[in-house]
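These notes are about the structure you will find just below.
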Amino acid sequence: MKYHAKFQGPGGERTRQVEVREDSSGVEVVLDGRAARYDVSATPEGGLSIISSDGGHAEVVARAGADGDYRAHVGHTVLTFELLDDLTARALSAAGRRATRSAGDLKAAIPGRVLRILVGPGDRVSAGQPLVVLEAMKMENDVKAPRDATLKSVEVAAGQAVGSGQVLVRFEPEG
Amino acid sequence: MSAPRLLIANRGEIAVRIARACRDLGISPVAVYSEADRSSLHVRLSDAAVAIGPAPARESYLVVERLLDAAKRTGATMVHPGFGFLAENAAFAQAVIDAGLVWVGPDPKSITAMGSKTESRARMQAAGVPIVPGMTEPARGPDEIAAFGRAHGFPLLLKAAAGGGGKGMRVVRSEEEVPAAFERARSEAKSFFADEAVYCELYVEEPRHVEVQVLGDRHGRVVAVGERECSLQRRHQKVLEECPSPVVGPELRARMEEVAVAAARAVDYVSAGTIEFLLARDGRFFFLEMNTRIQVEHPVTEMVYGVDLVSEMIRIAGGAPMSFERRPDPRGHAVECRIYAEDPARAFAPSPGTISRLRWPHGPGLRIDSGIEEGDRIPLDYDPMVAKLVAWGSDRDQALRRMRRALRETRIEGIETSIPFFLELLQDPDVVSANVSTQFLERWTYSGGTGASAVEEELALVAAVLGASRAARAARGSGQPSWPSAWRTARPTYGSRE
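One line per chain: the protein sequences are A and B, in this order. Every letter in the first sequence is one number past the one before it in the numbering used here, and letter 32, counting from 1, is 33. Every letter in the second sequence is one number past the one before it in the numbering used here, and letter 174, counting from 1, is 653.
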């Protein structure tokens, strides 16, 4: 299957095309049109030990987050990117933008306790504005608005414990 | 006769450290635990364990009656508080003593004397311990500021007497600047705080944090055991410490140790404690505060001086003299990295969770003080420090190399940790050459994954795409939510996951 990987960097967005084929002799990956074979085996932590044909190797743990976001640990280097399969990428590109993101919810990136809620339904918030304060491990963390938006609802209450990925607030879809 | 028992009124890696000292002394360690710590390592390594309440510390580790009750129920005769929680709480120390138990720490009156900023400054001044020179009354005019500068040196920091939070502060670098700066500081003070009174103190620019370990016993002995450099701090928390300080030579060490002993004697100090100093670039040093407990970074001192400070604390509490008359000579260099459950890529957000995989480093010159094991859940209720990696070398360069090796070898999966931050920090030329101050990390930023190599990016993509295509196959169902049979045959371990 074909995938599109998008990296956000200082120089803007960068997309790479990746295709994977598996057969009896192992794994072949076509990266931006260049095919290479890899020796892949599992590691106990649920990651992969990957050795490329030119000897490059690392233990990699790649985890899918919300909306196709990936976070990979390669040794101690952490990479984040967005990975979409070919069909989804084309559908989104035809729609002009990612529909799932335009409405969207704000989720807790970390588990914690809700210390304070700073906004209410109907509030117009701007990108970077703190909406909810979570406390975890003796530290307070502001959960900020990812973009300018109007709040539809607040899904948590002060004092409540929340898990990672739990929805904190919902935004109105943008028109 | 059964071994005497010591109650460890703490959790995590320091509780484990104290349990180890108990074993070394033939004492039986007793753990306490909150509901979140039922299966923590410190419980597993102790001979007895007592539940003391729900996860929040104020309902468990901070409840004096439950700790005393735990000691009574298990027959413990000694209490070691570790650090944090109630370690510097004089009322707790007194309650332990009043319950007829042995308090492994300084006398409550020493804790009280050093716990108050004003009292400790006054006591230190009386004992001849240098404190940052400052005016005790508002200046009546620029002449008084200039005279202060002539007496103590420049730069000075002008401050609003009614101020706080950095507002209305002004750095004055020479006597010529005094008149104009004084007028501006006064008008700022007036507009910010409606009070034009200003005073000044010496401005210690780009200071280093250097602290001296002291140990006192009930036989009249107070010994300083060298210094530690702890200038690398983030959000006022130390992240990397070393012993000795790279900028302290034998002569300065002797002076700092002499002052530290005087400071400890001024409050009749018994047990292990630390005198923290600001070290100015011109070699002057000033008393900051005293920590009346064992410190997080004590292992670097132990590695270089060949002493066991936690064991000494327990011996001393039992009435024995400390095991050395003079401090041993230092040998080599030690570095400590505090491993926090924090995500450096997300502004060091806390990262509690379950440790799915753990590999500690091994090999020459390493010490690991850890409170975690594979499979443990790191609760969100406590401090994020989960372990300390300590590397020793015959010199600083070797210690740093070993630390880099140890960090690389370590694998902690399931939570994010500060390890990538340290790997990057230890490549900084200023850190390598020890050209740092307490302000260094305020200016230093972690670049994170932007430094990924082409190979790393390639392997990350291969792993992600394999995972995604596997998930897609599983979603399509057909009762075969795994890899194709050929793949499974070729790599049975991978196919059998899940």
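Ideal Cβ placement from N, Cα and C applies to all residues, glycine included.
So, is the C-beta of A/K139 closer than 9 Å to a C-beta in chain B? Interface residue, yes.
Beta carbon of B/S916, beta carbon of B/V746: below 9 Å? 9 Å or more divides the Cβ of B/S916 from the Cβ of B/V746.
Would you kindly work out how many angstroms separate the C-alpha atoms of B/G505 and A/G27, rounded to a whole number? Roughly 56 Å between the two C-alpha positions.
Closer than 9 Å, CB to CB, is A/L119 near chain B or not? So no, A/L119 is outside the interface.
B/L757 at chain A interface by Cβ criterion, 9 Å: Taking Cβ atoms only, chain A never reaches closer than 9 Å to B/L757, which makes this a no.
With 9 Å set as the bound, which would you pick, yes or no: does the beta-carbon of A/F82 sit closer than that to a beta-carbon of chain B? True, the Cβ-Cβ gap to chain B drops below 9 Å.
Leaving out five residues on either side along the sequence, give the residues of the same chain with a beta carbon under 7 Å from the beta carbon of B/E736. Answer for B/E736: V691, A703, listed in chain order.
Closer than 9 Å, CB to CB, is A/R91 near chain B or not? Cβ-Cβ to chain B under 9 Å: no for A/R91.
What does DSSP give as the partner residues of B/P829 in its beta bridges? Paired residues: B/E821.
Which same chain residues, not among the five before or five after A/E173, have their C-beta less than 8 Å away from its C-beta? Here the set comprises A104, A150, T151, L152, K153.
If I measure Cβ to Cβ from B/S653 and keep anything under 6 Å in the same chain, skipping five residues before and after, which residues do I get? For B/S653, where only same-chain residues beyond five positions count, the Cβ hits under 6 Å are F633.
B/N914 classed as buried or exposed, judged by whether at least 16 other C-beta atoms fall within 10 angstroms: Its Cβ having fewer than 16 others within 10 Å, B/N914 is exposed.
What in chain A is Cβ-close to B/R887, meaning under 8 Å? Simply G76, H77.
Unbroken alpha helix (DSSP H) runs of length 4 or more, entirely within the stretch 908-957 of chain B: which are they? Segments of the alpha helix (DSSP H) lying fully in the stretch 908-957 of chain B: 908-911, 919-922, 933-955.
At least one CB of chain A closer than 9 Å to the CB of B/Y861: is that the case? Taking Cβ atoms only, chain A reaches closer than 9 Å to B/Y861, which makes this a yes.
In terms of DSSP beta bridges, what is B/E706 paired with? B/E706 is bridged to B/V691.
What is the rounded straight-line gap between the Cα of B/I773 and the Cα of B/F571? Rounded to the nearest angstrom, the two C-alpha atoms are 16 Å apart.
Does the beta-carbon of B/R496 have 16 or more other beta-carbons within 10 angstroms, so that it is buried, or is it exposed? Burial call: buried.
Contacting positions in the stretch 780-810 of chain B - beta carbon closer than 7 Å to chain A: Look at the stretch 780-810 of chain B: it has no residue with a C-beta under 7 Å from a C-beta of chain A.
Which of helix, strand or coil does DSSP assign to B/D848? Annotated three-state conformation of B/D848 is strand, per DSSP.
Output yes or no for whether 9 Å exceeds the beta carbon distance between B/P823 and B/L859. No, these two residues do not count as a Cβ contact at 9 Å.
Ends of the alpha helix (DSSP H) at B/I531? DSSP places B/I531 outside any alpha helix (DSSP H), giving it a letter other than H or E.
So, for B/R976: in the same chain, excluding its five sequence neighbours on each side, which residues have a beta-carbon less than 7 Å away from its beta-carbon? Because the pLDDT of B/R976 is 36, which lies under 50, any placement of that residue in the model is unreliable, and the number read from its coordinates should be weighed accordingly. Within the same chain, B/R976 has no close Cβ partners at all.
Closest to B/I493 by C-alpha separation, out of B/Q877, B/P908, B/E776, would be which residue? Residue B/E776 is the option with its Cα nearest to B/I493.
Candidates B/R490, B/S926, B/G491, B/E921: which alpha carbon is nearest B/H715's? Ranking the options by Cα distance to B/H715, first place goes to B/E921.
Helix or strand or just coil, what does DSSP make of B/L524? In the structure shown, B/L524 sits in coil (DSSP, three-state: anything other than H, G, I, E or B).
CA-CA distance, A/A6 and B/P533? Their Cα atoms are separated by approximately 45 Å.
Take A/D87 as the anchor and find which of B/S948, B/A954, B/R955, B/A953 has the nearest alpha-carbon. From the listed residues B/S948, B/A954, B/R955, B/A953, the smallest Cα separation to A/D87 is found for B/S948.
Could you check whether the Cβ of A/E173 sits closer than 9 Å to any Cβ belonging to chain B? Chain B contact via Cβ: absent.
For B/V657, name the three-state secondary structure that DSSP assigns. Correct three-state label for B/V657: helix.
C-beta atoms of A/V126 and B/V941 nearer than 9 Å: Contact: no.
Boundaries (first-last residue) of the alpha helix (DSSP H) holding B/A745: Segment 729-745, the alpha helix (DSSP H) holding B/A745.
Which residue spans inside the stretch 49-94 of chain A form an unbroken alpha helix (DSSP H) run of at least 4? Runs of the alpha helix (DSSP H) inside the stretch 49-94 of chain A: none found.
Quick check on this structure: which residue in B/L879, B/L694, B/V558 has the alpha carbon closest to the alpha carbon of B/A578? Considering only alpha carbons, the answer is B/V558.
Output yes if chain A places a C-beta closer than 9 Å to the C-beta of B/G491; else output no. So, not an interface residue.
Same chain, Cβ closer than 8 Å to A/G164, neighbours up to 5 away in sequence not counted: So the qualifying residues of the chain are A109, P112.
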